[in-house]
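**Student:** Here it is: the structure, laid out below.
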Amino acid sequence: MILTSPDPFRLDGKVAAITGAGSGIGAAIALLFGQRGASVAVLELDPVAGARVVQDLRGHGIDAEFVPCDVTQDAGVAGAFTKVKERFGHLDILVNNAGIGHVGTLASTHEADFDRLFAVNVKGVFLCSKHAMPHLIERQGVICNLASIASLIGIADRFAYSMTKGAVLTMTKSVALDYMPYGVRCNCICPARIHTPFVDGYLAKNYPGQEKEMYDKLAAYQPMGRMGTPMEVAEMALFLCCDASRFVTGQALPLDGGKLTG
Ligand SMILES: NC(=O)c1ccc[n+]([C@@H]2O[C@H](COP(=O)([O-])OP(=O)(O)OC[C@H]3O[C@@H](n4cnc5c(N)ncnc54)[C@H](O)[C@@H]3O)[C@@H](O)[C@H]2O)c1
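Counting in the working numbering, the sequence shown runs from 73 upward without gaps.
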């Protein structure tokens, strides 16, 4: 057996752009990728969160920069990737992580909710992938999208959110096929419930006074009896973005605490 590279799980010399890296899963991915040797561009809407994560990364000796970015704005996204290229010289990895949630059925979802969810969760992935792609082609790079278990099975009360994550899964397959000839891979992760500010925020908003009860219910949804952690998602993202997965593209990897086992 011959090792293909000294350590295929390292990212030395690579540059990763991570959207929504100011919080939760994105912040964990930024830290793990940086610890594995990558330089990290934190593309984030919230300037306070973005700056805080960059300060933390630099504290760990990681080369990092906050790049302000609203993933829903075409011109802004184009400008953000120009800044990444100017600051780091190239781009190897894009993680489309920025996303927002929504609780509602067909009847209780308003048009404005639908538009907002699609703007961030679908159009945002489209715009970032589009503007990153010329740079990724130069480096035979890779995209990792954050889909959801809702891309694979029905989840009660998540009508608009589930549709957007279904679109992320099909976008992943489409991009993987179209850019295979250019050496760019594209995969997505389908997490069940992960304990992040995203979860705490929507428990506080949608179940005020019942947060603990609802937290336990959401934890029990996974047969393993708990929520996943942001670092567990980051570890799967690392696999999908490093050379260890060089023969993997167009795939949707569940990270579900056993939910899809049957
Ligand atoms: N937490 C879960 O249970 C879970 C499960 C499955 C999938 N996901 C997906 O994982 C991703 C990250 O989730 P999280 O739980 O870490 O969320 P989070 O709310 O903790 O973090 C999301 C980040 O995205 C940023 N963001 C929001 N809108 C943006 C925009 N327009 N432009 C740029 N940045 C923007 C926010 O400021 C925030 O920093 C999302 O796509 C989410 O749908 C989460």
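For each residue, glycine too, the CB sits at the ideal point set by N, CA and C. Fair warning: this is a prediction, and the values are worked out from it, not measured in the lab.
Ordered along the chain, which non-local residues of its own chain (more than five positions away) have a Cβ less than 7 angstroms from that of C200?
**Tutor:** Locating residue 200 in the sequence shown gives position 128, counting from the first residue. T91, V143, V149, L166 and N168.
**Student:** Just to check my reading of the structure: L83 and R108 have Cβ atoms closer than 8 angstroms, yes? What is that Cβ distance to the nearest angstrom?
**Tutor:** What you label residue 83 is simply residue 11 of the sequence shown in a count that begins at 1. What you label residue 108 is simply residue 36 of the sequence shown in a count that begins at 1. With a Cβ gap of about 4 angstroms, L83 and R108 count as contacting.
**Student:** Just to confirm the assignment: which complete beta strand (DSSP E) runs, minimum length 3, are found wholly within the region 249 to 331?
**Tutor:** You should have 257 to 263 and 324 to 327.
**Student:** Can you tell me whether DSSP reads G85 as helix, strand or coil?
**Tutor:** What you label residue 85 is simply residue 13 of the sequence shown in a count that begins at 1. Three-state result, G85: coil.
**Student:** Kindly indicate which three-state DSSP category V197 falls into: helix, strand or coil?
**Tutor:** Along the sequence shown, read from residue 1 onward, the residue named residue 197 stands at position 125. Residue state, collapsed to three classes: helix.
**Student:** Can you tell me whether E116 sits near ligand 1, meaning its C-beta is under 6 angstroms from at least one heavy atom of the ligand?
**Tutor:** Within the sequence shown, the letter at position 44 stands for residue 116. The answer is yes for E116.
**Student:** In terms of residues, what are the limits of the alpha helix (DSSP H) holding P140?
**Tutor:** Position 68 of the sequence shown, counted from the first residue, corresponds to residue 140. Segment A136 to P140 is the beta strand (DSSP E) holding P140; no alpha helix (DSSP H) there.
**Student:** Let me confirm a value: R159 is counted as buried when at least 16 other C-beta atoms fall within 10 Å, else exposed. Which label applies?
**Tutor:** Position 87 of the sequence shown, counted from the start, is the residue given in the question as residue 159. Exposed is the call here.
**Student:** According to the neighbour-count rule (16 or more other Cβ atoms, all chains shown, within 10 Å of its Cβ), is Y254 buried or exposed?
**Tutor:** Residue numbering aside, residue 254 sits at position 182 when the sequence shown is read from its first letter. Y254 comes out exposed.
**Student:** Distance, Cα to Cα, L115 vs A222?
**Tutor:** Along the sequence shown, read from residue 1 onward, the residue named residue 115 stands at position 43. Along the sequence shown, read from residue 1 onward, the residue named residue 222 stands at position 150. Rounded to the nearest angstrom, the two C-alpha atoms are 25 angstroms apart.
**Student:** Pick from E137, A248 and T244: whose alpha carbon is nearest that of N193?
**Tutor:** Within the sequence shown, the letter at position 121 stands for residue 193. Ranking the options by Cα distance to N193, first place goes to T244.
**Student:** Strictly by DSSP, which residues pair up with A113?
**Tutor:** Along the sequence shown, one-based indexing puts residue 113 at 41. BP columns for A113 point to A89 and E137.
**Student:** Out of L327, A184 and F319, which one is the CA nearest neighbour of R347?
**Tutor:** The displayed coordinates of the chain run from 73 to 334. Any statement about residue 347 would go beyond what the structure contains.
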